[in-house]
Amino acid sequence: MTENEYIAYFKTIVDTPDTDQKAPYDNPEYLNYTKLNNSRMNRWLKTAELLPELKATVQKITQPQHWILITEPWCGDAAHNVPFIILAARENPLIQLSFEMRDAAPHRIEQYLTNGGKSIPKLIIKDAAGTDLAVWGPRPAACQAVYSELKAANASFDETVTAIQNWYNADKGLATQTELLATLKQTL
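Start counting the sequence shown at 358; every next residue gets the next number (my numbering).
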């Protein structure tokens, strides 16, 4: 799906009455978290500014690239990372950005597991021939370190979500952009 289709899909989930939701959004916790994610993603899309070096690097891409972004609206990491990928892709008409849902066909995530798991978001950058140029995700390394520490300490889901959210709020998208910049430099 395209960026606009993904945003519309997200909006449909958020705007559908609770009683008409399909799995997993029929679970009130998933739905409420998805509504928060929608708010966070839209805030980033409206207020975020790309780092000048990231913007310049994206503009240096001279050959067509297909960016495949595997995600889901319920994903908290996606709410903070996907907007920066969208904003970067908008900087160069040679970039075709498409979205695939992790939990729907074609299940491409199976080819891009993180430590054996289907962690998202996952960005796959391909050239015009369909060859992988780079892969990024599911979250910045520093955020992953926080997550790994919490998991090792058997932290509760709520504690983990709060800690990760606090990390993203403090970072303000800097780590995501810095890592995206490094990833894109591999493709030039």
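Glycine included, each C-beta is placed from N, C-alpha and C at the ideal position.
Selection from the options that minimises the alpha carbon distance to residue i
{"i": "L444", "options": "T544, L545, K542, L537", "result": "L537"}
{"i": "K392", "options": "A413, E406, I370", "result": "I370"}
{"i": "N361", "options": "F456, K475, W524", "result": "F456"}
{"i": "R496", "options": "E516, Q420, K475", "result": "K475"}
{"i": "A436", "options": "T359, Y363, H464", "result": "Y363"}
{"i": "G494", "options": "D434, Y366, P463", "result": "D434"}
{"i": "Q420", "options": "A486, S505, F367, T540", "result": "A486"}
{"i": "L454", "options": "G530, R400, I482", "result": "I482"}
{"i": "A539", "options": "L490, M358, E506", "result": "L490"}
{"i": "T488", "options": "L507, E506, I425", "result": "I425"}
{"i": "K529", "options": "T373, S505, R400", "result": "R400"}
Nonlocal neighbours in the same chain, by C-beta distance under 6 Å from residue i, ignoring five residues either side
{"i": "Q534", "result": "L408, L411, F441"}
Pairwise C-alpha distance: residue j and residue i
{"i": "M458", "j": "A510", "result": "30 Å"}
{"i": "S548", "j": "T544", "result": "The question about residue 548 has no answer, for the chain in this structure spans 358 to 545."}
{"i": "G473", "j": "E448", "result": "33 Å"}
{"i": "V503", "j": "V492", "result": "21 Å"}
{"i": "N394", "j": "D484", "result": "30 Å"}
{"i": "A405", "j": "A532", "result": "13 Å"}
{"i": "A520", "j": "T414", "result": "31 Å"}
{"i": "E467", "j": "T517", "result": "25 Å"}
{"i": "I477", "j": "A527", "result": "21 Å"}
{"i": "I418", "j": "I427", "result": "22 Å"}
{"i": "A499", "j": "S513", "result": "20 Å"}
{"i": "E386", "j": "A380", "result": "12 Å"}
{"i": "N523", "j": "A446", "result": "26 Å"}
{"i": "A462", "j": "A365", "result": "19 Å"}
{"i": "R465", "j": "T471", "result": "13 Å"}
Residues near residue i by beta carbon distance below 7 Å, same chain, minus five either side
{"i": "D460", "result": "E429"}
{"i": "L388", "result": "D375, Q378, Y382"}
{"i": "M398", "result": "A436, V439, P440"}
Cutoff 8 Å: residue i Cβ touching any chain C Cβ
{"i": "D383", "result": "Structure shown: chain C not included; a single protein chain is present."}
Which of helix, strand or coil DSSP assigns to residue i
{"i": "S396", "result": "helix"}
{"i": "W401", "result": "helix"}
{"i": "H464", "result": "coil"}
{"i": "A380", "result": "coil"}
{"i": "G530", "result": "coil"}
{"i": "K508", "result": "helix"}
{"i": "E516", "result": "helix"}
{"i": "T373", "result": "coil"}
{"i": "Q422", "result": "strand"}
Integer Cβ distance of residue i from residue j, believed to fall under 8 Å
{"i": "Y390", "j": "W431", "result": "6 Å"}
{"i": "L402", "j": "Q422", "result": "Contact flag wrong, Cβ pair sits at about 21 Å."}
Proximity test, residue i beta-carbon vs the ligand GTP heavy atom, cut-off 7 Å
{"i": "L411", "result": "With respect to the ligand GTP, the structure shown offers nothing to examine, as it has no ligands at all."}
Contacts around residue i, its chain only, beta-carbon distance under 8 Å, and the 5 residues preceding and following it disregarded
{"i": "T359", "result": "L454, S455, F456"}
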